[in-house]
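Take a look at the structure set out below.
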Amino acid sequence: MKRFTYFVLFLAISSLSSCTRYLFPSIVGNDVVYQPKPMVADSVSSKFNVTGGLASSDGIHDEGDVTLGYLSLTQAHTFKNFNFSYGLLGYFGKASKNYISENPKENDFVELPPFNKSTSGLGIHTSIGYHMTSNRGNTDYRIINWENAVTREFGEYLDFRNQLYGDLTYKRLVVSRNKLLWTTGLSSEIIFHHRRDKDIKHAFKLFVGFSPNLDNSFDNKIKTANYALNDSEVSRSNFQLTYFFSFKQFNLTSQADFSRLSANIGLGYSF
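Under mature numbering (1 follows the signal peptide of the UniProt record, and there is no 0), residues -20 to -1, 1 to 251 are what the sequence shown spells out, in order.
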């Protein structure tokens, strides 16, 4: 029954969508990575964390998909009611399209052929927030945090998008030539450990944000001036859920952005 419900939901979404396709920057939806921070109850108030992982993005309307490996280096500090962290992010991978339309003759537009392009980038990320601690001391409520990520993209995929930008050959393909992506937003998080075992921690975080400089980087105005198309995807925001688990110095992060249809998983070490 559940599978049938999901199938009906998928058909409903598909029927409401247009055949407009998009080429986003490669790190969209995965640039705001989780930044581990000490709890108030920890024996130390500052920690340095190294996390490596895999990320992917395959939106319903994206033209192709992105697969990345990433490395995050973060320095974090926690005080009685205040916390902040900052760090570096690097990634490398590919953006590719490996399919063509099943019924190309029925399409009223020229379809972008398959491609396979390398992509990489470097960036910085920050987080600053206010928290409260439970009376028992085993739970920190990180009520509100302001998070930012700025990344610079390099590689063949960026050059590929620049070449396609404004090309009216692909009249239903909306392309971003953005090479510097800034994502900002607010998050709320709860992190806790068992009262008798501080070595095992669990955390759940919700992040809602957007990329201020992304909307204007698309060629949708050029395309809509010549053809009628649906360009609603260019202003889509971030809606991200994260689960964090740590045992002593080791940690695991699992994250999904349901708005961007992207996800990443990482293994880390804090000291």
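Glycine is no exception: its CB is placed at the ideal position from the N, C-alpha and C atoms.
Within the same chain, N125, E127, K185, L186 and F187 come within 7 Å of S167 by CB-CB distance, once the 5 residues on both sides are set aside. Judged by their CB atoms, K17 and F251 are not nearer to each other than the 9 Å cut-off.
For the region 171 to 218, the continuous beta strand (DSSP E) assignments of 3+ residues that do not extend past its boundaries occur at 177 to 190, in sequence order. For S191, the closest alpha carbon among the candidates I171, S156 and H182 is that of S156.
Between L51 and L241, the alpha-carbon positions lie close to 21 Å from each other.
Burial check for G146: the Cβ neighbour count within 10 Å stays below 16, so the residue is exposed.
Going by DSSP, F140 is part of the alpha helix (DSSP H) stretching over E136 to L144. In the DSSP assignment, S250 falls within the beta strand (DSSP E) that extends over S242 to S250. When DSSP states are grouped into helix, strand and coil, N158 belongs to the coil group.
Pairing T164 with F134 gives a Cβ-Cβ distance that is not under 9 Å. Here N196 is exposed: its Cβ has fewer than 16 other Cβ atoms, across all protein chains shown, within 10 Å. For A21, no beta strand (DSSP E) segment is defined, and its DSSP state is neither H nor E.
Q229 sits away from G9, with the two beta carbons spaced by 9 Å or more. Residue pairing by DSSP places D11 opposite no residue, since no beta bridge is assigned to it.
Between the alpha carbons of K203 and H182 lies a gap of roughly 47 Å.
Under the Cβ criterion (8 Å, minimum of three pairs), the region 90 to 108 counts as touching the region 59 to 72. Rounded to the nearest whole angstrom, the C-alpha separation of I171 and G33 is 21 Å. Here I80 is exposed: its Cβ has fewer than 16 other Cβ atoms, across all protein chains shown, within 10 Å. Apart from the 5 residues on each side of it in sequence, Y137 sits with its Cβ closer than 6 Å to the Cβ of S6, A75, K97 and T99 in its chain, given in chain order. Taking C-beta separations shorter than 6 Å and ignoring five residues to either side along the sequence, the partners of T54 in its chain run Q15, N29, S65 and G67, following chain order. For T149, there is no enclosing beta strand (DSSP E), as DSSP gives it neither H nor E. Counted as a single uninterrupted DSSP element, the beta strand (DSSP E) harbouring G32 occupies residues S26 to S37.
The secondary-structure analysis by DSSP pairs E91 with nothing; it has no beta-bridge partner.
Restricting attention to T119, A236 and N61, the CA atom closest to the CA of V12 is found in A236. With fewer than 16 other CB atoms across the displayed protein chains lying within 10 angstroms of its CB, M112 is exposed. Listed in chain order, the non-local C-beta contacts of R132 below 7 Å within the same chain comprise G101, L102, G103, K159 and L160, local neighbours out to five positions each way being set aside. The C-beta distance from H41 to T(-1) rounds to 7 Å, short enough to meet the 8 Å contact threshold. When the five nearest sequence neighbours on each side are left out, the beta carbons in the same chain lying within less than 6 Å of the beta carbon of N193 are those of W162, in order along the chain. For a cut-off of 8 Å, the C-beta gap from F95 to G44 is around 7 Å, short enough to register as a contact.
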